[in-house]
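For what it's worth, the working numbering labels the leading residue of the sequence shown as 66, then goes sequentially. Cβ coordinates follow ideal geometry from the N, Cα and C atoms, glycine included.
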Amino acid sequence: MTNGMIIKNMSFKVGQTLTIVGVPKSDATNFAVNIGPDEKDITMHLNARFNAHGDENAMVCNSYQNGNWCEEHREGGFPFVQGEEFKILIKFTPAEFLVTLSDGSEVHFPNRMGAEKYSYISFDGEVRVTGFEIK
Numbered sequence: 066m067t068n069g070m071i072i073k074n075m076s077f078k079v080g081q082t083l084t085i086v087g088v089p090k091s092d093a094t095n096f097a098v099n100i101g102p103d104e105k106d107i108t109m110h111l112n113a114r115f116n117a118h119g120d121e122n123a124m125v126c127n128s129y130q131n132g133n134w135c136e137e138h139r140e141g142g143f144p145f146v147q148g149e150e151f152k153i154l155i156k157f158t159p160a161e162f163l164v165t166l167s168d169g170s171e172v173h174f175p176n177r178m179g180a181e182k183y184s185y186i187s188f189d190g191e192v193r194v195t196g197f198e199i200k
């Protein structure tokens, strides 16, 4: 499902915060962060769209389960600038992923699969990840 950076067998558990620092390419159309139990099912797909899938400067979240995309979730700002560094914090609670973007805006995305631990994280699209930390 992805052709970017993949992190497997690393636990991201309830109560932890994932911090991602990266730079979208100067001509990026979009990039995504995916978190799930494996590469087949994604509990949180965070897609920053500069100009992709009919959207411009939009943050779209979704889940991919049993071979199908679920209902899209749109919330928060769009602090991303092509070629400029961004920082995303994802706090994992039992009920949701609380995503804080570089501009301070927040996205509340439900933990649709309900697990307390996920071990698959991937990055896709036109982005260079420069920092990755789970605390």
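Stretch-stretch touch, CB-based, cutoff 8 Å, three pairs: the stretch 72-80 with the stretch 184-194: yes
For Ser-184, the three-state DSSP class (helix, strand or coil): Translated into the one-based positions of the sequence shown, residue 184 becomes position 119. In the structure shown, Ser-184 sits in a strand (DSSP, three-state: E or B).
Cβ-Cβ distance between Gly-87 and Gly-169 below 9 Å: Counted from its first residue, the sequence shown places residue 87 at position 22. Counted from its first residue, the sequence shown places residue 169 at position 104. Not closer than 9 Å, so no.
contact_flag[the stretch 156-174, the stretch 77-87] where n(CB pairs < 8 Å) is 3 or more: yes
Proximal residues to Glu-140 (C-beta, below 6 Å), its chain only, five neighbours per side dropped: Stepping through the sequence shown from its first residue, residue 140 is reached at position 75. Excluding sequence neighbours, Glu-140 sits near Val-172.
Buried/exposed call for His-118, threshold 16 Cβ in 10 Å: Here residue 118 is taken as the residue at index 53 of the sequence shown, counted from 1. A residue is called buried when at least 16 other Cβ atoms come within 10 angstroms of its Cβ; His-118 does not meet this threshold and is exposed.
Neighbourhood of Gln-147 by C-beta distance below 8 Å, restricted to the same chain and skipping five residues each side: Residue 147 sits at position 82 when you count from the first residue of the sequence shown. Pro-89, Lys-90, Ser-91, Asp-92, Ala-93 and Phe-115.
Integer-rounded CB distance, given that Asn-127 should sit under 8 Å from Glu-137: If you number the sequence shown from 1, residue 137 lands on position 72. If you number the sequence shown from 1, residue 127 lands on position 62. With a Cβ gap of about 5 Å, Glu-137 and Asn-127 count as contacting.
Local Cβ density within 10 Å of Asp-106, reported as buried at 16 or more and exposed below that: Along the sequence shown, one-based indexing puts residue 106 at 41. Classification of Asp-106: buried, given that the 10 Å Cβ count is 16 or more.
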